[in-house]
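Beneath this line is the structure, given in structure tokens, with notes to follow.
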Amino acid sequence: MKRIGILTAGGDTPALNATIYGAVVRANRLKVEVFGLIKGFNCLFNPRVPHVHLNPLFQTIPELDPALGGSLIGSSRDFVDPEKKDDLDMVVERLKKLGIDGLICVGGDGTLNGLQPLAERLPTVLAPKTIDNDLGLNHPTESDEWVRVSDPAAKGGFHYKRSDSRATFSLGQMVNYVTPGYATAVYVSSSAIERVRTTAESHRRIAIIEVMGRHSGYIALGSAYGRPDIILVPEVAVDIEQLAERVKNIYDLQKSVVIVCGEGITDAQGHELGATTKSTDPAGNVVLSGAAEALRAQLIHLIGDHYFRTYRRGDSAKEAIFTRKVGHTQRGGRPILFDRFHAARLGAEALNMLVEGSNNMISVLQHDAERGFHVEGYDANRLRDRWGLIHARHMHPDFYDAKLMKPSRTGIDYLLPIFANALGDDDMEHIRRTSFAPSNLLQPYHSINTDINKRIRYLAAAEET
Ligand code: F6P
């Protein structure tokens, strides 16, 4: 393989550049050219196919910094619809015109679904990325557990549901234990929770903090490091009456409560509290934006003004209960050591797999007690259900103690290896050196896009050289 393409698809994460870096460094050794495709699949719908040569003369361009969050080649939620054969043919033809012999997609479950038909036309592999940590399997046969349930209101007349598992769960059996991006998201969320706590305590308030993760509760689970009083995850329906009672118990004791909720939490009827509008993003995912606000409205109603007036001398429930979203801060900025290190290894493994002739494989980060964290290649076909669809992984129910509304012992055992050494000395040193650097005030922000723009080439121009 002489030249490969790499693209980053879906929402960004702090570890994308580290993954690209790992792939490019390995490519330099193997004398493979790497073309970065601009803005994910978006560039393949543009006849000029904007791209950047990431390793001219097999040297990594200086802009490719593994400690820089986001993606230097840009990302988008565009994808190739498997039903549109003409689009697929066009995309592959354009890649071939660029001289590309194989493709690395850095993406999550949506990207992996999209690359299934592509892999039938061009060798393609996936290097994983997602802050939601929802790419992979809780156990190797989990994809067999999906069934179709008739649902006249749903597209196609059915929806997918997981049937009862026949497997015995064990942490060492998980496929893709954790994905780069997750650790940094948890680090940011936990820090935010710790900071909001002091206001809740000083002003006798109840804080509801919403974290991302779509329908998977991993980020909410990991935010336990910030020591909230209550954690609510999408996998376990919220019993609102029970929650209100728990909130009052804690408030009676400490005059403040900190609640963390995943954006995908549901009520007892299975309705997503956060789906306040019916809108979807370009990839068809429901936009979940109102979970904390919906929860606040319900708690205001159930707890009522009288309760707070007893404790807060004149304040209403509306004044006492407030919400904050950690938002995109949990998805951006510098990746912490855990993410940088493993993202680079996964990127390098993806490159290896392509060069060795593999197709439709994922590089996965495995963990077991004997070997610790290690990287392997995994056949993407094993993630597909019997109809060929890849589903987002949900957090295993054993990770959560629904009564305590906190991580269970298994959940804690899951988190410990990831975070034991997740921060490096250089992460701390970076904060010390850069937070109040005088140049922050003196120099305008210099965007990576400015430098990359100068390096972008187009298909027509490439053909001439
Ligand atoms: O999938 C990653 C993610 O950050 C989700 O946790 C979140 O729901 C979504 O993307 C937000 O997407 P956007 O930045 O496009 O609003």
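Here the working numbering is used: the first residue of the sequence shown is 21, the next is one more, and so on.
Cβ atoms here follow ideal geometry from the backbone N, Cα and C, with glycine treated the same way.
These numbers come from a predicted model, not from an experiment.
- DSSP places LEU424 outside both helix and strand once states are collapsed to three, so it counts as coil.
- Between the alpha carbons of ARG97 and THR343 lies a distance of about 28 Å.
- With fewer than 16 neighbouring CB atoms inside 10 Å of its own CB, ALA440 falls in the exposed class.
- In summary, VAL198 is buried, with 16 or more beta-carbon neighbours lying within 10 Å of its beta-carbon over all protein chains present.
- The beta carbon of PHE55 is closer than 8 Å to those of ARG23, ILE24, GLY25, ILE26, HIS71, VAL72, HIS73, LEU74, LEU118, ILE120 in its chain, skipping five residues each way along the sequence.
- In this model, ARG406 and ASP164 are separated by some 7 Å (Cα to Cα).
- Cβ atoms of PHE178 and ASP184 stay farther apart than 8 Å, at about 19 Å.
- If you draw a 10 Å sphere on the C-beta of MET448, you find fewer than 16 other C-beta atoms in it, and that means exposed.
- Remark: the shortest separation between the CB of GLY128 and any heavy atom of the ligand F6P falls under 8 Å.
- The C-beta separation of PRO200 from ALA47 comes to about 19 Å, leaving the pair out of contact by the 8 Å criterion.
- Relative to the ligand F6P, the beta carbon of ASN379 is positioned no closer than 8 Å to any heavy atom.
- Its chain contains ASP418, PHE419 as the residues whose beta carbon lies nearer than 7 Å to that of THR430, once the 5 sequence neighbours on both sides are disregarded; these appear in chain order.
- Ranked by how close their Cα comes to the Cα of ARG404, the residues LEU123, ASP129, ASP106, VAL278 have ASP129 in first place.
- Ranking ILE229, ALA442, ALA244 by CA distance to the CA of ASP359 puts ALA442 first.
- In this structure the region 333-348 touches the region 307-317; the number of beta carbon pairs closer than 8 Å is three or more.
- Taking the Cβ atoms as the reference, ILE229 lies roughly 11 Å from VAL277, outside the contact range of under 8 Å.
- The criterion of a C-beta distance shorter than 9 Å is not satisfied by ASN379 and ALA205.
- Distance from the C-beta of GLY30 to the nearest heavy atom of the ligand F6P is below 8 Å.
- ALA240 is not a Cβ neighbour of LEU435, given a cutoff of 9 Å.
- Between ILE260 and the set GLU396, HIS321, VAL216, the nearest pair of CA atoms involves HIS321.
- By the C-beta criterion, the region 33-53 is judged to be in contact with the region 86-94, since at least 3 inter-stretch pairs fall below 8 Å.
- Using a Cβ-Cβ distance cut-off of 8 Å, the region 248-256 and the region 218-237 are in contact, since at least three pairs of beta carbons, one from each stretch, lie closer than that value.
- LEU155 is positioned such that its CB atom lies no closer than 9 Å to that of LEU115.
- The alpha-carbon separation between ARG225 and ASP287 amounts to approximately 24 Å.
- DSSP places MET381 within a strand segment (E or B) once states are collapsed to three.
- The alpha-carbon of THR150 is positioned some 37 Å away from that of ILE323.
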